[in-house]
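This report refers to the structure that appears directly beneath it.
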Amino acid sequence: MRDNELRGLILEALYNQRRKDLVNLDQELGALPVPHGATESILRQLVKKGLLERPVQPLSGLGTGRITAYGIDVVQGTTSPPLSILLQRRITVQDVPEGNVQNVSNTKLNVPKDHSEASQDKPKSSFERISKWWKRMMDKFGWV
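For the sequence shown, this note's numbering gives the first residue as 13, with consecutive numbering after it.
In structure tokens, the structure reads:
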């Protein structure tokens, strides 16, 4: 499993407990299909990027933690994530004659390269920027 998938699993597990104060991370994350050594690393990544809080880190175990408001916004899709995260969206449909149906779709959240659409055409190097500026000046003043 890749790190972006692991980040999504852990973030969603804590999102489901977002209305609780601090949760026991060993309890909440223990049933997830995350390699034990990777859990601590992924938690540190999410804390460093401001998606999770872990006020106390014990000598053994994962300790306690909670998702931040920024983490909630990332899971809900109202803001861009600071790193690549693959979320599993689960939607339960009720009142279906055959019973409940569960649809699962993946949502990959990538770090935005730039927030403005206009900067998509932005040249990468200084030479490209100067060349583009020079071309605009030549067109503007008719120096073709």
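Even for Gly, the Cβ is constructed at its ideal location relative to N, Cα and C.
Quick caveat: nothing in here was measured; it's all calculated off a predicted structure.
*Within the region 54-105, ranges of the alpha helix (DSSP H) (whole runs, at least 4 residues)*: Here the runs fully enclosed are 81-88.
Assign P45 to one of two classes, buried (16 or more other C-beta atoms within 10 Å of its C-beta) or exposed (fewer than that).
By the 10 Å Cβ count, P45 comes out exposed.
Per DSSP, cross-strand counterpart(s) of N36:
Per the DSSP secondary-structure output, N36 pairs in a beta bridge with T76.
- Short Cβ contact (8 Å threshold) for V59 with E65: Using a Cβ distance threshold of 8 Å, V59 and E65 count as a contacting pair.
Which of helix, strand or coil DSSP assigns to S137:
Annotated three-state conformation of S137 is coil, per DSSP.
Next item on the list: Look at the Cβ atom of G83, then the Cβ atom of L21, and state whether they are nearer than 8 Å.
Entry: Contact flag unset, no.
task: Using a Cβ cut-off of 8 Å (strictly closer), state whether Q39 contacts chain D.
output: Going by chain labels, chain D is absent from the structure shown, which holds only one protein chain.
Take the Cβ of P47 as the centre, count every other Cβ of all protein chains shown within 10 Å, and call the residue buried at 16 or more, exposed below.
It is exposed - the Cβ of P47 has fewer than 16 other Cβ atoms within 10 Å.
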